[in-house]
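Report on the following structure.
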Amino acid sequence: MSSPYQAIRAAAHENPRAFWEQAAQDVSWIEPPKVTLDDSNPPFYRWFVGGKINGCYNAVDRHVDAGRGAQTAIIYDSPVTETIAHISYAELQDKIAHLAGAIAARGIGYGDRVIIYMPMIPEAVIAMLACARIGAVHSVVFGGFAAAELAKRIDDATPKMILTASCGIEPSRIIAYKPLIDEAIETATHKVSDVILMQRPQCNASLIDGRDHDWDAVTAAARPHPCVPVNSEDPAYILYTSGTTGTPKGVVRPTGGHIVALNWSMPNIYDCRAGDVYWAASDVGWVVGHSYIVYAPLFAGCTTVLFEGKPVGTPDATTFWRVISQHKVRAMFTAPTAIRAIKKEDPEGHLIKQFDMSHFAYQFLAGERCDPDTLHWCQDKLGVPAIDHWWQTETGWSIAANCAGIDLLPIKAGSSGPAAPTWDVRILAEDGSEKPVGEIGSVVAKLPMPPGTLPTLWQNDTRFVESYLSAFPGFYETGDAGYIDEDGYLFIMARTDDIINVAGHRLSTGGMEEVLAGHHDVAECAVIGINDALKGQIPLGFVILKSGIERAGEVIIAEIVQRVRDQIGPVAAFKQAVIVQRLPKTRSGKILRRTMQSIVNGDDFTIPATIDDPAIIEEIADAVRIAGIKDSTS
Ligand code: COA
Ligand code: AMP
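One point on numbering: in this note's numbering, the residue at position 231 of the sequence shown is 237, and numbering is uninterrupted.
Encoded structure:
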């Protein structure tokens, strides 16, 4: 007899349209869709065509209309400011409507872009939903990115307005945002006409007359704005993510599909329903923050926890357990890195025992590969299922997940579970043939992908097709390598491209190379990801200096480290580089980054037959040894 999951998955596979047509009935449409899936123009697919909908209405107003306005929508828990605040759905609706009014009063409306550069405060959520309310397209930029990265996003998204705050708060320092905003606006070619800024008590920003507006003043003066209908296929937001070059990819999220898929995911994947408290410990600047701090829990009428802090150091390794206990969290979602940070401070999990965790039912993990030790630690110490699941900025929700709300299948450490319903995941060899069970290859999804996934890149259909759809026609290339076992479980092992994952943050080594190459003394360079016991991976740079440079190597390395921090941001965690005489290359001149990675990580590897000069392997190993760089996991 098949399990409920197998039955649902089989039915979904048989008829994905019917599956999603059914799921679409659980959200509020202004006009229902006329066509569930338009597949008339492959490889471009559109879900719920003809439907009119509003994201803010589905996240907030519909719960107020249903009589649940008094329920807490957001619990803001900020150990860095020692604040805990509860915001009800009715209060949230009021705050959003006023900010929406203030934005609209400055001439921004349907289809206009608005950049949001904000710390983890309720106003960040209010800003996102205010855009959704008026049909504007938000693009949230993570606060750990430098002004130059913000400028790139301004030029690509061409926003009329930026919503921001005076500062972010890291455990070690206050980060004034206004100088970054000013520098980004100055650098960008596209000119932003308005900035609305939330003054935080920790840092007062000076405002530029005519361009900058005080958040409290403009919202107090604004008339509340109603929700406006948008087309199902209109972008809800653009979220930039790392590609193989320094130019980020603007992932577009289609409104209708995003609402339907995320609303479906809360009860079915996370086993959370209206009134349950759900906590994703991420940042609104990442896709996890978009989907699982803001949209999905609110679409489903849950209470979402907005946490401004770190797993350790704010103030210590009890914080996660204190939040779970104090707010009666049912399901929590974080990156394995966060658990590793806690485990390092409290290996036996003694601190957990101080808290009543009786409401806690599930620990979800994603954002990077979950090593079996971390998964087992969660299961043993927390006493709840620890569920790894796999997805990407591009998909917005799980490609593979053990669906806790349907029925929890056995958990296999190292696997992110079976493909979620209607995902047709395959493992392909380079020639496009399907790999046998258990063999590693490129992980791809057969088109069309389910609702909520990216229909294209912002104003760049060509890059969309080239990046994701060209290598294996008819399939979406995830950029991950992995295998499927005999039970249909997916094991995601590594990236197939030059993207690295640092503390669950996706970064482009190509982007870092562009920054290194811009240093006046650098002739050539390469950046690779090396294993790190805490962050999973960290970047390591290799540079060849121009001939005749006599300045001290340490000085040059310190300059390039600072350069990455200034141009990409502290989040890149680029702290190490090695000066070498040459780089390993193929005879055709391609740098052998994977081979370099294996050398530093101490992995077994075969010297590529195409290598220009095998003697260089020893040279690189020596340079790394002399620089004192080693794989911190060994
Ligand atoms: N604004 C400005 N700077 C930021 C920032 C933000 N929003 N977020 C991080 N930074 C800075 C940090 O201050 C740090 O700077 P430093 O080099 O001066 O110390 C740098 O970026 C790296 O930050 P981070 O990755 O947070 O590392 P950390 O060493 O401060 O903390 C962990 C380590 C494990 C505690 C932390 O990485 C963590 O909580 N990881 C969880 C990952 C996660 O939630 N990922 C989201 C995807 S699901
Ligand atoms: P992002 O777009 O920032 O969410 O990063 C997505 C990438 O992170 C994926 O393509 C994977 O490389 C990696 N990733 C995310 N979740 C997992 C997981 N559960 N297991 C393995 N890798 C993961």
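The beta carbon of each residue, even a glycine, is placed where N, CA and C say it ideally should be.
Comparing alpha-carbon positions, which option in the options lies nearest residue i?
| i | options | result |
| --- | --- | --- |
| Asp200 | Ala152, Asp118 and Pro207 | Asp118 |
| Ala16 | Thr399, Thr428, Gly595 and Ile623 | Thr428 |
| Pro457 | Val55, Ala564, Gly295 and Tyr284 | Val55 |
| Asp437 | Pro479, Ala190 and Thr468 | Pro479 |
| His526 | Thr612, His333, Glu556 and Val300 | Glu556 |
| Gln208 | Arg229, Glu88, Pro241 and Ala106 | Glu88 |
| Ala372 | Ile358, Thr164 and Ala344 | Ala344 |
| Leu540 | Ala579, Ser271 and Phe548 | Ala579 |
| Glu400 | Ser448, Met455, Thr310 and Ala529 | Met455 |
| Pro717 | Thr261, Leu169, Gly315 and Gln77 | Any property of residue 717 remains undetermined from this structure, which presents the chain solely from 7 to 640. |
| Gln582 | Val561, Leu598 and Pro590 | Val561 |
| Val224 | Lys101, Thr380 and Ala18 | Lys101 |
| His144 | Met167, Lys158, Leu304 and Lys350 | Met167 |
| Ile160 | Glu97, Asp188, Ala347 and Glu176 | Asp188 |
| Arg613 | Asp628, Lys591 and Thr310 | Before going on, a small fix: residue 613 reads as Ile here, not Arg. Ranking Asp628, Lys591 and Thr310 by Cα distance to Ile613 puts Lys591 first. |
| Leu381 | Ala406, Lys349, Ala410 and Val567 | Lys349 |
| Pro241 | Glu530, Ala621 and Leu460 | Leu460 |
| Lys255 | Lys552, Gly517, Ala426 and Ile617 | Gly517 |
| Gln568 | Val521, Ser238, Asp538 and Val131 | Val521 |
Excluding the 5 residues flanking residue i on each side, which residues of the same chain have their C-beta closer than 7 Å to its C-beta?
| i | result |
| --- | --- |
| Tyr495 | Lys418, Ser421, Gly423 and Pro424 |
| Ala154 | Thr193 and Gln573 |
| Cys536 | Note that residue 536 is Ile in the sequence shown here, rather than Cys. Here the set comprises Gln543, Ile544, Leu546, Gln603, Val606, Asn607 and Asp637. |
| Leu156 | Tyr123, Val147, Leu186 and Ala190 |
| Arg68 | Ser34 |
| Ala171 | Met124, Pro125, Ile127, Glu129, Tyr183, Leu203, Met204 and Arg206 |
| Val390 | Phe366, Ala367, Tyr368 and Gln369 |
| Gly291 | Val146, Val147, Phe148 and Gly149 |
| Ile626 | Val586, Pro590, Met602 and Ile605 |
| Asp220 | Leu203, Gln205 and Leu213 |
| Asp503 | Thr250 and Gly485 |
How far does the alpha helix (DSSP H) with residue i in it reach, from first residue to last?
| i | result |
| --- | --- |
| Ser34 | Counting along the chain, Ser34 falls outside any alpha helix (DSSP H), and DSSP gives it neither H nor E. |
| Trp270 | Thr261 to Asn274 |
| Met134 | Pro128 to Ile140 |
| Leu43 | No alpha helix (DSSP H) contains Leu43, which is instead part of the beta strand (DSSP E) from Val41 to Asn47. |
| Asp161 | Ala153 to Ala163 |
| Arg15 | Pro10 to Glu20 |
| Glu97 | Tyr95 to Ala110 |
Go through its chain and collect everything with a Cβ distance to residue i's Cβ below 6 Å, but skip five positions before and after it.
| i | result |
| --- | --- |
| Met7 | With a pLDDT of only 49 at Met7, under 50, the local geometry of the prediction cannot be trusted, and the value read off the model is given with reservation. Counting only Cβ-Cβ distances below 6 Å, and skipping sequence neighbours, we find nothing. |
| Glu129 | Met204 |
| Ala24 | none |
| Gly150 | Gly575, Pro576 and Val577 |
| Ser331 | Phe361, Asp362 and Met363 |
| Asp430 | Lys452 |
| Ala106 | Ala136, Arg139, Ile140 and His231 |
| Gly524 | none |
| Lys58 | Ile36, Glu37 and Pro235 |
Can you check DSSP and say which residues form a bridge with residue i?
| i | result |
| --- | --- |
| Lys237 | Here the sequence assigns Asn to residue 237, which means Lys is not the residue at that position. DSSP lists Lys58 as partners of Asn237. |
| Thr247 | Lys255 |
| Asp394 | Leu371 |
| Leu434 | Glu440 and Ser448 |
| Cys531 | Val549 |
| Arg206 | Cys209 |
| Asp222 | None; Asp222 has no bridge partner. |
| Trp53 | Leu43 |
| His196 | DSSP, once it has assigned bridges, lists no residue as partnering His196. |
| Asp538 | Gly542 |
| Gly115 | Looking at the DSSP assignment, Gly115 forms no beta bridge with any residue, so it has no partner. |
Quick one: give me the first and last residue of the beta strand (DSSP E) that residue i is part of.
| i | result |
| --- | --- |
| Tyr82 | Thr78 to Ser84 |
| Ile180 | Arg179 to Ala182 |
| Ala286 | Val283 to Ala286 |
| Ala410 | Taken as a continuous stretch (DSSP letters only), Ala410 belongs to no beta strand (DSSP E), as it is neither H nor E. |
| Tyr123 | Arg119 to Tyr123 |
| Gly169 | The question names Gly, yet the displayed sequence has Leu at residue 169. Met167 to Ala171 is the span of the beta strand (DSSP E), which, as asked, contains Leu169. |
Beta-carbon within less than 8 Å of residue i's beta-carbon, same chain only, minus the 5 sequence neighbours each way: which residues are those?
| i | result |
| --- | --- |
| Thr462 | Phe50, Val258 and Phe470 |
| Ile505 | Ser248, Gly249, Thr250, Gly485, Arg512, Leu513, Ser514 and Thr515 |
So, does the CB of residue i fall closer than 8 Å to a CB anywhere in chain D?
| i | result |
| --- | --- |
| Ala633 | Chain labels in this structure do not include chain D; a single protein chain is all it has. |
Checklist entry - Which ranges would you report for the beta strand (DSSP E) in the region 440-528 if only whole runs of at least 3 residues count? => result 447-452, 481-490, 495-501, 505-508 and 511-514
Next on the checklist: Suppose only complete runs of 3+ residues qualify. What are the beta strand (DSSP E) ranges in the region 318-384, listed by chain order?
Outcome noted: 337-340 and 368-371
Next on the checklist: Which runs of the beta strand (DSSP E) at least 3 residues long sit entirely within the region 548-628? Give them in chain order.
Outcome noted: 582-585
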